[in-house]
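Participant:
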Amino acid sequence: MDNHNEETELIVITGMSGAGKTVAIQSFEDLGFFTIDNLPPALLPTFIKLMRDSGKSMKRVAAVMDLRGGDFFDSLVDAIDDLSKEPEVSITILFLDAENQTLVSRYKETRRSHPLSPGGLVLGGIKKERDMLKDLQGRAHYMYNTSEMSPRELKEKIRTDFSTKSSNVFTVNVMSFGFKHGMPIDADLVFDVRFLPNPYYIETLNPLSGLDKPVSDYVLKWQETQTLVDKLQDLFDFMIPQYKQEGKAQLVIAFGCTGGQHRSVTLAEHFGKTLSKSHKVSITHRDVKIRKG
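Quick note on numbering: the working numbering labels position 247 of the sequence shown as 236, and the sequence is numbered without any gaps.
(1) Report the three-state DSSP secondary structure of K269 (helix, strand or coil).
(2) Who are the Cβ neighbours of S271 in its own chain at under 7 angstroms, not counting the five residues just before and after it?
(3) If you pair each beta-carbon of the stretch 75 to 85 with each one of the stretch -5 to 6, do three or more pairs fall below 8 angstroms?
(4) CB of D42 to nearest heavy atom of the ligand MG: below 6 angstroms?
(5) For the alpha helix (DSSP H) that Y131 lies in, which residues bound it at each end?
(6) Looking at C-beta atoms only, is the number of pairs between the stretch 164 to 180 and the stretch 236 to 244 that lie closer than 8 angstroms three or more?
(7) For N162, list the residues DSSP reports as bridge partners.
(8) What do you get for L221, buried or exposed, if any count of 16 or more other CB atoms within 10 angstroms of its CB means buried?
(9) Would G261 be called buried (16 or more neighbouring beta carbons within 10 Å of its own) or exposed?
(10) Kindly indicate which residue of K97, T263, L224, Y207 has the alpha-carbon position closest to the one of L110.
(11) Is DSSP giving E(-2) helix, strand or coil here?
(12) Output the boundary residues of the alpha helix (DSSP H) element that contains D42.
(13) Suppose you measure from the CA of K146 to the CA of D206; what does that come to, to the nearest Å?
(14) Are there 16 or more other CB atoms within 10 angstroms of the CB of S152, so buried, or fewer, so exposed?
(15) Out of K117, S198, R252, state which residue places its alpha-carbon closest to the alpha-carbon of F184.
(16) According to the Cβ coordinates, are M164 and T247 closer than 7 angstroms?
(17) Assuming P186 and L194 form a contact by the criterion Cβ under 8 angstroms, report the distance between their Cβ atoms to the nearest whole angstrom.
(18) If you draw a straight line from the C-alpha of Y189 to the C-alpha of L264, how long is it?
(19) Going along the chain, which residues of its own chain have a beta-carbon closer than 7 angstroms to the beta-carbon of K169, five neighbours each way excluded?
(20) Between the alpha carbons of L197 and T216, how many angstroms are there, rounded?
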């Protein structure tokens, strides 16, 4: 049976020493990935071929590649670039980072020496490693700063981002929110629509939400709303394929108004339906309250 038409998914785990790569690789193992620690980058093409020839048993692999590979590590960026050109290979780079002081404290707690400064000052090794990794960091699809994360929180974040991730599925999450309740922390794009005419001040519309036709008709009837819709549609038509090409698994687009009831809900519903014609879309209304009556 020929399995070569099935896409091979490789998660490359890299980043700063002491930032949590051991926890990360264990997390991927818990998610059912085949895992390998300290894979020399020079062996990456050979390993990909092995994955392809293994059938389904190694179609989803997570591998740690870091400075323990020594001189081999210098070839990692070139190896990833070469493999990214192959249509049946999906490579996602997860880069783990932490503040210098946090990394120093972790080394002191474990009484380990830094791989780039054995027997020397830990901070010197950290700075040297950070400089060596800057090109790879710029190519990362996911970048976690683990300074304030416990191991459990890191595992949970990986589970959230990768447990249902399919390299063939790009999801656009469109959401509405109210600024008075706080900004959404997970939004990639935020649009403030508080300049649009507000149904809140219309007595018959105030108790309703943007999920109700009278409210959505009111918000969408204005020329400034139509101009905004046209300009945003052009923007999304350009940007979403770029995000997808970059390797993101999902894009979160958030519309905000004052309370998160009327204008933001209307715009989120409109673009959720429009974008669903060409993308997998989910719609969330964080602060909406349906108060008919």
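Even for Gly, the Cβ is constructed at its ideal location relative to N, Cα and C. Given the structure is predicted, the values throughout are model-derived calculations rather than measurements.
Facilitator: Straight from the coordinates:
(1) For this step, residue 269 is matched to residue 280 along the sequence shown. Note: K269 maps to strand in three-state DSSP.
(2) Walking along the sequence shown from the start, residue 271 turns up at place 282. T160, N162.
(3) yes
(4) This structure lacks the ligand MG, and indeed carries no ligand of any kind.
(5) For the purposes of this step, residue 131 is taken as residue 142 along the sequence shown, with counting starting at 1. Taken as a continuous stretch (DSSP letters only), Y131 belongs to no alpha helix (DSSP H), being part of the beta strand (DSSP E) at 131 to 134.
(6) Look at the beta carbons and you see the stretch 164 to 180 touching the stretch 236 to 244: at least three pairs across the two are nearer than 8 angstroms.
(7) Within the sequence shown, numbered from 1, the residue matching residue 162 stands at position 173. Looking at the DSSP assignment, N162 forms a beta bridge with V241, S271.
(8) Position 232 of the sequence shown, counting from 1, holds the residue named residue 221. Of the residues assessed, L221 falls on the buried side of the cut-off, its CB having 16 or more other CB atoms within 10 angstroms.
(9) Here the question's residue 261 lines up with position 272 in the sequence shown. Classification of G261: buried, given that the 10 Å Cβ count is 16 or more.
(10) By one-based count along the sequence shown, residue 110 stands at place 121. Of K97, T263, L224, Y207, the residue nearest in Cα terms is K97.
(11) Position 9 of the sequence shown, counting from 1, holds the residue named residue -2. In the structure shown, E(-2) sits in a strand (DSSP, three-state: E or B).
(12) Position 53 of the sequence shown, counted from the start, is the residue given in the question as residue 42. First-last of the alpha helix (DSSP H) with D42: 33 to 42.
(13) Counting from one through the sequence shown, the residue named residue 146 turns up at place 157. Counting from one through the sequence shown, the residue named residue 206 turns up at place 217. Linking K146 to D206 through their CA atoms gives a straight-line distance of about 39 angstroms.
(14) Numbered from 1 along the sequence shown, position 163 holds the residue referred to as residue 152. S152 should be labelled exposed.
(15) By 1-based counting over the sequence shown, the position of residue 184 is 195. Closest by alpha carbon: R252.
(16) Indexing the sequence shown from 1 puts residue 164 at position 175. Indexing the sequence shown from 1 puts residue 247 at position 258. Their beta carbons are not under 7 angstroms apart, which means M164 does not touch T247 by this criterion.
(17) Reading the sequence shown from its first residue, position 197 is the one you call residue 186. Reading the sequence shown from its first residue, position 205 is the one you call residue 194. About 11 angstroms separates the two Cβ atoms, so there is no contact after all.
(18) One-based indexing of the sequence shown puts residue 189 at position 200. One-based indexing of the sequence shown puts residue 264 at position 275. Note on geometry: alpha-carbon atoms of Y189 and L264 lie some 27 angstroms from one another.
(19) On the sequence shown, residue 169 is found 180 positions in, with the first residue counted as 1. Taken in chain order, the residues that qualify are T247, G248.
(20) If you number the sequence shown from 1, residue 197 lands on position 208. If you number the sequence shown from 1, residue 216 lands on position 227. Taking the straight line joining both Cα atoms gives about 24 angstroms.
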